[in-house]
Amino acid sequence: LLQNRKVTLLTPQGRATKDQKQGCPQGSCSGLVLWNLADKGILNQVWPDNAHIQAFADYCVLVIEADAKYSLVKNTQSAITQFSSWCSENELTIRTYKAIYILFSKMARSPKITWNGHNINRTKSVKYLEIHVDNRLNWQEHINKQGEKDIKMQQNLKRIAGGNCGISQIHRRTLCKLWLRECRPTDLQLGVSIQHTK
């Protein structure tokens, strides 16, 4: 992928140079760019009609279609093998223990999917690019997770700013009266629903 990369560091003894063969520094702003260069190679692979791939930075998603459990396992294993081979050729390692799959089907028993001999766990929901997708393809999981995140953020803000946000009671009443006077009934319903948190 990226050939002849070197890292140079100025030390009291002089300049030190080392070949860079893998990764990038943690928190590096170039990390996404390097991954997008790597992803371009896997996205340009010729995939079977029943396998689709999406990638952003170090997140990759394989979507496999099949009519039956047997063909689903066969198609998935084939796509994983192709993906794994490409990663090996480009000296990229996959942490198979982080791999999961979600099944969009009413299949009673989970198909057994493996990656280099490791079982891949089935999950009912997955988070991809900050969006929670569940196996029923509705937004309930995403809404619940966002609600939990919002409550935690509100609690942290309240802990930092205090219950009154540093505003005196007289000024809070004035702000509340102004808000109530200016808002329409639909705004008031929204304002009330926002105020009712657990």
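Residue numbers (my numbering): -14 to 183. For every residue, glycine included, the Cβ atom is placed at its ideal position computed from N, Cα and C.
Nearest candidate by alpha-carbon position, reference F68, set C161, M92, W100, G(-1): W100
Residues bridged to H156 [DSSP beta-bridge criterion]: According to DSSP, H156 bridges with nothing at all.
Nearest-angstrom Cα separation, counted from I152 out to D4: Put simply, the backbone Cα of D4 is about 57 angstroms away from that of I152.
8 angstroms contact criterion, which V118 and I85 should meet: CB distance rounded: Contact doesn't hold; Cβ gap of about 12 angstroms is too wide.
Residue from Q(-2), E115, V31, R80 with nearest C-alpha to G102: R80
N-terminal and C-terminal residue of the beta strand (DSSP E) that I65 is part of: That residue, I65, is in no beta strand (DSSP E); its alpha helix (DSSP H) goes 54 to 74.
Meets three-Cβ-pair contact criterion under 8 angstroms: the stretch 56 to 71 and the stretch 28 to 36: Between the stretch 56 to 71 and the stretch 28 to 36 there are three or more inter-stretch CB-CB distances shorter than 8 angstroms, so the stretches are counted as touching.
Endpoints, the beta strand (DSSP E) within which N106 is located: 106 to 108
Assigned secondary structure, A1 (DSSP; H/G/I helix, E/B strand, else coil): strand
Residue environment, C45, which counts as buried when at least 16 other CB atoms sit within 10 Å: In summary, C45 is buried, with 16 or more beta-carbon neighbours lying within 10 Å of its beta-carbon over all protein chains present.
Residues of its chain near E126, where Cβ-Cβ distance is below 6 angstroms and the 5 sequence neighbours each way are ignored: Taking C-beta separations shorter than 6 angstroms and ignoring five residues to either side along the sequence, the partners of E126 in its chain run S110, H117, D119, following chain order.
Burial state of T61 (16 or more Cβ within 10 Å): buried
Whole-angstrom distance between L57 and Y113, CA atom to CA atom: 22 angstroms
D43, buried or exposed, once every other Cβ within 10 Å from all chains shown has been counted against 16: D43 is exposed by the Cβ-count criterion.
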